[in-house]
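Which chain is which? The protein sequence lines are A and B, in order. Going by our numbering, 34 is the number at position 34 of the first sequence; the sequence numbering is gapless. Going by our numbering, 216 is the number at position 15 of the second sequence; the sequence numbering is gapless. Reviewing the structure listed below.
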Amino acid sequence: MPELDDELMKRCQQGDTDAFNIIVRRHRTPLVNFITQFLGDIDSAEDLAQETFVRMFRATNRYKAGAAKFSTWMYHIASNLCKNELRNRGRRGRFFVDSITPTKYDGENSGDEDLIATAPAHVSFQPEAQLEQKEIHNAVQSAIAELPERYRLPLILRDLQGLSYEEISNVLDLPLGTTKSRINRARLMLKDRLRYFLESL
Amino acid sequence: MNCLKAEEHFSEYLEDAFDYQTIKAFDIHLADCETCRHELTLFQKSVDLLRQLPQIEPSSDLDVALQARLANIQVETISLRRRILEAIRAQPIWTFGGLATVMLVVVAGIFLYQNAFVGKVPQDGRVAVNDLAGKQQNATPLSPRYFAQPASRIEKMPVAVPRLNIERAFEYSFNFPALEELDVREKLQSRRMEQHYILQTVNYTDVPTSGGL
Chain A
1 MPELDDELMK RCQQGDTDAF NIIVRRHRTP LVNFITQFLG DIDSAEDLAQ
51 ETFVRMFRAT NRYKAGAAKF STWMYHIASN LCKNELRNRG RRGRFFVDSI
101 TPTKYDGENS GDEDLIATAP AHVSFQPEAQ LEQKEIHNAV QSAIAELPER
151 YRLPLILRDL QGLSYEEISN VLDLPLGTTK SRINRARLML KDRLRYFLES
201 L
Chain B
202 MNCLKAEEHF SEYLEDAFDY QTIKAFDIHL ADCETCRHEL TLFQKSVDLL
252 RQLPQIEPSS DLDVALQARL ANIQVETISL RRRILEAIRA QPIWTFGGLA
302 TVMLVVVAGI FLYQNAFVGK VPQDGRVAVN DLAGKQQNAT PLSPRYFAQP
352 ASRIEKMPVA VPRLNIERAF EYSFNFPALE ELDVREKLQS RRMEQHYILQ
402 TVNYTDVPTS GGL
């Protein structure tokens with residue numbers, strides 16, 4: 001049975017850096033996905049994910065097990081960093097849809113040829129189907145990027161990261177009712193933006 | 202329920218988080234409204250698409266860069282501790298002697314300050330019974346008869362005990378906890394320490410803090 005995050009953090013507080021490495025391995029993929037979807041830029045996402053882990057490492061001794069769920073703490077730090085990043089960019093949600101590879105990111109050029117070559121066999125053998133799927137994914141990414149920040153953030157946490165409403169309200173410091181209504185509103189906005197694709201599905 | 206109101210409940214409908222009254226109204230509206238049924242279908246499809254977005258696998262660069270930064274932080278922390286220790290070691294011995302002297306003076310000052318008021322009469326001429334009770338143990342009894350008493354009884358005796366009226370003193374000592382406060386200013390002003398104290402009334406007594414009488 002894998003160790004709980006709280007137990008690992010307790011070990012970190014006692015100076016066990018291996019425990020923190022386990023935490024990094026466990027949370028790096030969801031964290032990078034969260035930041036990528038929020039910023040739309042995987043390079044910045046990896047930088048910010050790194051910064052998030054560094055801040056958590058520095059604040060290890062201030063972590064109180066049981067006060068809040070570990071992932072809530074992590075997303076709270078990450079979302080604040082994302083907001084600062086967007087503020088620094090000087091405009092809302094600069095988004096690089098093409099830089100997000102739908103299947104696997106290897107840090108290099110992710111063109112269509114690579115995508116087809118590395119595509120899982122069970123999805124489709126048809127290049128056209130792959131391209132169509134990529135097009136839909138890009139449309140969804142763009143639709144997310146067009147959402148205002150206050151709606152985008154809870155939507156990503158709910159539908160992409162799978163957090164509960166209570167956890168999201170803790171991450172964003174919002175009342176539960178506000179969190180629910182923002183998520184519903186974000187989904188409605190997304191539906192309107194994707195209407196063209198949705199009607200054809 | 203109208204269409205706008207129904208839209209507000211799409212998420213609750215999908216996640217089955219309705220309360221009974223709302224779902225009843227929602228179902229009634231949905232049964233009659235073709236538009237809302239269609240919008241709900243699109244809503245569900247959009248949420249499905251969102252949840253089907255593939256996971257992005259972080260590059261190995263992230264791990265390498267992160268490990269390097271974490272290692273640096275550890276080195277910084279260790280070197281900071283080492284620098285502090287070295288700075289302490291580099292100080293001449295008289296620095297620690299000086300520090301110790303200062304601490305000693307501070308502690309002695311606190312001790313003297315606290316003891317300076319023992320036995321002193323507050324400006325309003327009253328002293329609490331608890332204070333008085335605490336000082337009994339330091340008092341020197343007055344007569345051989347006093348010494349002859351069992352220790353448990355002596356502890357209960359008031360400090361100022363008249364030599365020739367020891368029985369009354371005992372009586373007062375038994376009533377002592379019932380007293381709320383004692384006025385002592387008048388006695389201190391009018392009597393010398395070597396004189397025998399006479400307990401005239403329950404409200405007049407004294408508390409010598411040191412030395413024999």
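Don't be surprised by glycine CBs; every beta carbon is placed ideally from N, CA and C.
Query, Result
"Spatial neighbours of Q268 (chain B) in its chain, beta-carbon cut-off 6 Å, leaving aside the 5 residues before and after", "none"
"Classification of H239 (chain B) by the beta-carbon crowding that lies within 10 angstroms, buried from 16 upward", "exposed"
"A68 (chain A) - DSSP class collapsed to helix/strand/coil", "strand"
"Chain B within 8 Å of H76 (chain A), Cβ atoms only", "no"
"Nearest candidate by alpha-carbon position, reference Q50 (chain A), set B:A232, B:Q256 and B:V265", "B:V265"
"Alpha carbon of C204 (chain B) to alpha carbon of F227 (chain B), nearest angstrom", "10 Å"
"Closer than 8 Å to chain A by CB, R282 (chain B)", "no"
"Residues near T72 (chain A) by beta carbon distance below 6 Å, same chain, minus five either side", "E167, N170 and V171"
"Candidates A:G66, A:A59 and A:R26, of which the one nearest I274 (chain B) by Cα", "A:A59"
"Cβ contact (3+ pairs, closer than 8 Å) linking the stretch 208-217 of chain B and the stretch 179-190 of chain A", "yes"
"Local conformation of G40 (chain A) per DSSP, three classes", "coil"
"Buried or exposed (CB count within 10 angstroms, at least 16 for buried), S247 (chain B)", "buried"
"Environment of T101 (chain A) [buried if 16+ CB atoms lie within 10 Å]", "At T101 (chain A) the pLDDT is 49, less than 50, meaning the model places this residue with poor confidence and gives no usable figure here."
"Reduced DSSP secondary structure (H/G/I, E/B, other) of N273 (chain B)", "helix"
"CB contact below 8 Å: A19 (chain A) versus chain B", "no"
"Contact set between the stretch 236-263 of chain B and chain A, restricted to residues whose Cβ is under 7 Å from the partner", "L243, F244, K246, S247, V248, L250, L251, R252, L254, P255, Q256, I257, E258, P259, S260, D262 and L263"
"Limits of the alpha helix (DSSP H) - the one that P154 (chain A) falls within", "E149 to L155"
"Element boundaries [alpha helix (DSSP H), containing E208 (chain B)]", "C204 to E208"
"Inter-stretch contact (C-beta, 8 Å, three-pair minimum) for the stretch 13-22 of chain A and the stretch 142-162 of chain A", "no"
"D112 (chain A), DSSP secondary structure in three states", "The predicted position of D112 (chain A) is uncertain, since its pLDDT is 43 and thus under 50; no value can be drawn from it."
"Cβ-Cβ distance between I257 (chain B) and N33 (chain A) below 8 Å", "yes"
"For T236 (chain B) and N80 (chain A), the rounded distance between their alpha carbons", "39 Å"
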